[in-house]
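Engineer: Chains as they are written, first to last, in this note's numbering: chain A, 1 to 386; chain B, 1001 to 1271. Just so it is clear, CB atoms sit at the ideal spot from N, CA and C, and this is done for glycine as well.
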Amino acid sequence: MSPRASNSLFLHRPGTLQASLRRIRALAQKELYHILRDFRTLAIVILMPIVQLVMFGYALNLEIQRVDLGVLDYARTPLSRQLISWFEGSRLFRVFSMDGSAEEADRLFRLRRLQAVLVIPPRFGEEVERRGFSTVQLLVDASDPNAGTLIRDYSRRVVAGLASEKTGSQPLLDFRPTILFNPDLKSAYFFVPGIIALVLVMISALLTSITVAREREMGTLEALLATPVRPHEIVVGKVLPYAALALVDAVFVLAVGVLLYRVPLRGDPLLLLLLTAIYLATGLNLGLILSTVARTQQVAMIMAMVTTLLPTLLLSGLIFPIASMPGWLQALSYLVPARYYLLIVRGILLKGSAWAHLVQPSLVLLGMSLLLLAVSARRFRTTLEV
Amino acid sequence: MTRASADRWEDGAAIQTVELTRRFGSFVAVERVSLRVRRGEVFGLLGPNGAGKTTLIRMLCGLLSPSAGSAFVAGLDVARAGEAVRRRIGYMSQRFSLYPDLTVEENLTFYGGVYGIRGKPLRTRLEEVLAELALGPFRESLARDLPLGYKQRLALGCAMLHEPPILFLDEPTSGVDPRARRSFWDLIHRKAEAGTTLVVTTHYMEEAEYCHRIAIMDSGKVIALGSPTRLKEEHGCESIQQVFLKLLRGDGGSTWQTPRSPSGESGVLGS
């Protein structure tokens, strides 16, 4: 057999776009085999985000329920009993009547048996009859400030409700807040989109960071680089299949959010999916950059977790409002893709936002993913010389 | 392609290096190596670990850029026409870099796709390679399940699927049993007879005898170059092994290790 000319097997000129797409297709197809052959990883990739969403969703619940409220009723009048029954009637409190003293209350606070104590003074009721008003005291355990504030506000509403019923008079100013988009102030509405943002960026960065590190460990990356494949073709060929996988994850996670946590989906699901794809691209491309730094799969995994988990959790507005951060942290938060995705996902789910409302964050995300893609293709070229 | 480089290809030099040098910091891995490999030649690179064989091969494949000097492969300047060079060469790395979770056929098909071969030409070529390397019975097997000798063949198959005129084989026989090594060298010779140029590194010294010409490297430098027969005559030795030892005695600060044999064979350099 005599050797054919080296190019006889090429139907097209190797420099053309068509040849490039052909190489990308070969790379993507190979990557797809890796994904489908490795059932364990596939199961983890599909199940992990759902498990995370379920776990975080229950753990990150800011709503408080069943506050243990002790009552020290020194008055024992019909009015004081009526006040207590109003507290009992609310869903928030479990009421315990106490016989003891204020010292007893202090002891129970320290034992964490009670979160609040209502003190009704001896002349309560009598005073109301005589002077038209009286005072009750509320002691609140504010070692959890958020819960303390909630208990205080809720108690104030209970007391005010009884008071206005008794006097029957019109208050001077009638304050009527209307809570938009989340009328019941359910924290699931707030957290589920956040967790979706967190889970998606984590999984996408993990996926791509591991895939290149694995090729490096196996030595196949070197073999690949001795072929006419160009660095950006490797990058695109790797991102495409994992993008599809991450998008499947996104659909699952969104479905769990809507079905299990009853988060509404008021906007266009297709728009949400499209913008989610752009967000996923930032994670996937970040993972690629990490893989050019990490030498082993473990290092890649840890780097992906560190660069996605904490910034997303702390700096995106997922838990802590960005407005209440110090200036330099606010500046940093502009670098976190989840910051923009949260505007998108909360907007579409809760407010029914349309494309016109989301142009700005979408463009920022798109710019970020393109920048990260360019950096990873560039780093690929320069760092593979080892 | 410049006129000069085209001439180099036409006049029979598959590979030519001029003072090729690679430094890593202050360490000189390859020092001013000037070589000429003829077309259709089986050229052996011998030397202990760290001698610079792999670094040299990687520069020739365009995986590593030289610190100084130049390299022409298939008549093309590697520094300037890296991609064109990579289309004309096949590279089999030390570690038989295969995808373990892909079958034999899928590994080959993947490399076909990477070189832009598909459809009917790919199917034809696939059958040729499977037959040539006797891999037919294993076509549906996952690469990870193959015996080492067949992994080695598959790695060669992946490197030669696109019919490159030049093949670089870095330690292709390391760790493989003597019978598989013997038949692998038969394959190499069949490729050479068909006109392919092969550059092969090895640390099994008796394998030097299978090469048309060898270059012995130590500490980044070529310390001997020629056909095995000529080198033995020049140094008055019976075997290449003895040539090694003689060169070693002449050069005080060498890193040669005592020959040892993991597979019950004589004449193995430190691994």
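Interface residues of chain B around R216(A) at Cβ under 8 Å?
Structural biologist: As a first step, residue 216(A) is located in the first sequence; it is residue number 216 there, counting from the start. By Cβ distance, chain B contributes nothing, its closest Cβ being about 10 Å from R216(A), past 8 Å.
Engineer: Interface residues of chain B around R25(A) at Cβ under 8 Å?
Structural biologist: By 1-based counting over the first sequence, the position of residue 25(A) is 25. Going along chain B in sequence order, the residues near R25(A) (Cβ under 8 Å) are G1113.
Engineer: So, does the stretch 338-357 of chain A touch the stretch 307-326 of chain A, judging by three or more C-beta pairs under 8 Å?
Structural biologist: These segments touch.
Engineer: Kindly list the residues whose CB is nearer than 6 Å to the CB of V1199(B), restricted to its own chain and excluding five residues on each side of it in sequence; keep chain order.
Structural biologist: Your numbering for residue 1199(B) matches position 199 in the second sequence. Excluding residues within five positions, the ones whose Cβ falls inside 6 Å are F1043 and F1168.
Engineer: Is I1216(B) near L1046(B), with beta carbons less than 9 Å apart?
Structural biologist: Numbered from its first residue, the second sequence carries residue 1216(B) at position 216. Numbered from its first residue, the second sequence carries residue 1046(B) at position 46. Yes, the pair counts as a contact, with Cβ atoms nearer than the cut-off.
Engineer: Which residue marks the beginning of the alpha helix (DSSP H) containing K1221(B), and which one marks its end?
Structural biologist: In the second sequence, residue 1221(B) corresponds to position 221, counting from 1. It is not in any alpha helix (DSSP H) - K1221(B) instead sits in the beta strand (DSSP E) that spans K1221 to G1226.
Engineer: In chain B, what lies closer than 8 Å to R19(A) by C-beta?
Structural biologist: Taking the first residue of the first sequence as position 1, residue 19(A) is located at position 19. Here residue 19(A) is Ala; the residue named in the question, Arg, does not match the sequence. By Cβ distance, chain B contributes G1116.
Engineer: Just to confirm the assignment, what range does the beta strand (DSSP E) spanning A1317(B) have?
Structural biologist: What is shown of chain B runs 1001 to 1271, which leaves residue 1317(B) out entirely.
Engineer: Would you kindly work out how many angstroms separate the C-alpha atoms of A1068(B) and A1079(B), rounded to a whole number?
Structural biologist: The residue labelled residue 1068(B) in the question sits at position 68 within the second sequence. The residue labelled residue 1079(B) in the question sits at position 79 within the second sequence. When rounded, the distance between both Cα atoms is 11 Å.
Engineer: Under 7 Å Cβ-Cβ, which residues of chain B neighbour L225(A)?
Structural biologist: The sequence position of residue 225(A) within the first sequence is 225, counting from 1. Those are L1063, listed as they occur along chain B.
Engineer: The beta strand (DSSP E) spanning F1138(B) covers which residue range?
Structural biologist: In the second sequence, the residue the question calls residue 1138(B) occupies position 138. Unbroken run through F1138(B): none, as it is neither H nor E.
Engineer: Measure from the alpha carbon of L27(A) to the alpha carbon of each residue in A1192(B), G1116(B) and L1142(B), then state which is nearest.
Structural biologist: Residue mapping note: residue 27(A) aligns to position 27 of the first sequence, counting from 1. Looking at the Cα atoms, G1116(B) is the closest of the given residues.
Engineer: CB-CB under 7 Å to A1084(B), same chain, minus the five flanking residues each way: which ones, in chain order?
Structural biologist: Mapped onto the second sequence, residue 1084(B) falls at position 84. L1076, listed in sequence order.
Engineer: Where does V1272(B) sit, in a helix, a strand or coil, going by DSSP?
Structural biologist: Given a span of 1001 to 1271 for chain B in the structure shown, any question on residue 1272(B) remains unanswerable.
Engineer: Across the stretch 262-280 of chain A and the stretch 218-233 of chain A, are there enough close Cβ pairs to call them in contact, namely three or more that are closer than 8 Å?
Structural biologist: With the cut-off at 8 Å, the stretch 262-280 of chain A and the stretch 218-233 of chain A do not touch.
Engineer: What is the DSSP secondary structure of D174(A), counted as helix, strand or coil?
Structural biologist: The count along the first sequence starts at 1 and reaches residue 174(A) at position 174. Looking at D174(A) - three-state DSSP - the assignment turns out to be coil, as it is neither helix nor strand.
Engineer: Assuming E1019(B) is part of the beta strand (DSSP E), what are its boundary residues?
Structural biologist: Taking the second sequence and counting its residues from 1, the one referred to as residue 1019(B) is at position 19. It spans A1013 to F1024 - the beta strand (DSSP E) in which E1019(B) sits, taken as one unbroken run.
Engineer: With 9 Å as the threshold, decide whether the Cβ of H232(A) is near any Cβ in chain B.
Structural biologist: Numbered from 1 along the first sequence, position 232 holds the residue referred to as residue 232(A). Chain B, which has no Cβ nearer than 9 Å to the Cβ of H232(A), makes this no.
Engineer: Step through the CB atoms of chain A and report whether any lies within less than 9 Å of the CB of Y1204(B).
Structural biologist: As a working mapping, residue 1204(B) is identified with position 204 in the second sequence. No, because no Cβ of chain A sits closer than 9 Å to the Cβ of Y1204(B).
Engineer: Which class does V248(A) belong to by DSSP, given the choice of helix, strand or coil?
Structural biologist: Sequence index remark: in the first sequence, residue 248(A) carries index 248 (1-based). Three-state DSSP puts V248(A) in a helix.
Engineer: Spatial neighbours of V136(A) within its chain, please: CB distance less than 6 Å, with the 5 preceding and 5 following residues excluded, ordered by chain position.
Structural biologist: Residue mapping note: residue 136(A) aligns to position 136 of the first sequence, counting from 1. Answer for V136(A): I120, listed in chain order.
Engineer: Give me, in chain order, the residues of the same chain whose beta-carbon lies closer than 8 Å to that of A425(A); leave out the 5 immediate sequence neighbours on both sides.
Structural biologist: Only positions 1 to 386 of chain A appear in this structure, which leaves residue 425(A) out of reach.
Engineer: Along chain A, in chain order, which residues have C-beta atoms closer than 7 Å to that of F1110(B)?
Structural biologist: Locating residue 1110(B) in the second sequence gives position 110, where the first residue counts as 1. In chain order: A26 and K30.
Engineer: Going by beta carbon distance, what residues of the same chain come within less than 7 Å of C1237(B), once the five residues before and after it are set aside?
Structural biologist: Position 237 of the second sequence, counted from the first residue, corresponds to residue 1237(B). These residues qualify, in order along the chain: V1243 and K1246.
Engineer: Just verifying my parser: in three-state terms, what is the DSSP assignment at K1191(B)?
Structural biologist: The count along the second sequence starts at 1 and reaches residue 1191(B) at position 191. It is helical.
Engineer: Starting from S333(A), trace the alpha helix (DSSP H) in both directions and tell me its first and last residue.
Structural biologist: Translated into positions along the first sequence, residue 333(A) becomes position 333. Taken as a continuous stretch (DSSP letters only), the alpha helix (DSSP H) holding S333(A) covers G327 to S333.
Engineer: With 7 Å as the limit, tell me which residues of the stretch 1139-1158 of chain B have their beta carbon closer than that to any beta carbon of chain C; keep them in chain order.
Structural biologist: Structure shown: chain C not included; protein chains present are A and B.
Engineer: Of all the CB atoms in chain B, is at least one closer than 9 Å to the CB of R378(A)?
Structural biologist: Mapped onto the first sequence, residue 378(A) falls at position 378. False, the Cβ-Cβ gap to chain B never drops below 9 Å.
Engineer: Step through the CB atoms of chain B and report whether any lies within less than 9 Å of the CB of D141(A).
Structural biologist: Position 141 of the first sequence, counted from the start, is the residue given in the question as residue 141(A). Not closer than 9 Å to any Cβ of chain B, the Cβ of D141(A) fails to qualify, so no.
Engineer: Please list the partners that T220(A) has in chain B, where partner means a Cβ-to-Cβ separation under 8 Å.
Structural biologist: Position 220 of the first sequence holds residue 220(A). Correct list: S1097, L1098 and Y1099.
Engineer: Out of L273(A), V293(A), G125(A) and D68(A), which has the shortest C-alpha to C-alpha gap to L138(A)?
Structural biologist: Against the first sequence, residue 138(A) aligns to sequence position 138. When only C-alpha atoms are compared, the closest one is D68(A).
Engineer: Per DSSP, T1054(B) is paired with what?
Structural biologist: Mapped onto the second sequence, residue 1054(B) falls at position 54. T1054(B) is not bridged to any residue.
Engineer: By the 10 Å Cβ neighbour count, where 16 or more other Cβ atoms means buried, how is W463(A) classified, buried or exposed?
Structural biologist: Look at the range of chain A in this structure, 1 to 386, and you will see that residue 463(A) is not part of it.
Engineer: If we ignore side chains and look at the alpha-carbon of each, how far apart do I35(A) and L47(A) end up?
Structural biologist: Position 35 of the first sequence holds residue 35(A). Position 47 of the first sequence holds residue 47(A). I35(A) and L47(A): Cα-Cα distance of roughly 15 Å.
Engineer: Taking Cβ positions only, does R112(A) come closer than 9 Å to chain B?
Structural biologist: Within the first sequence, residue 112(A) is the residue found at index 112, counting from 1. No, no contact with chain B.
Engineer: From which residue to which residue does the beta strand (DSSP E) around R110(A) run?
Structural biologist: In the first sequence, residue 110(A) corresponds to position 110, counting from 1. Run containing R110(A): none in the beta strand (DSSP E); it sits in the alpha helix (DSSP H), A102 to R110.
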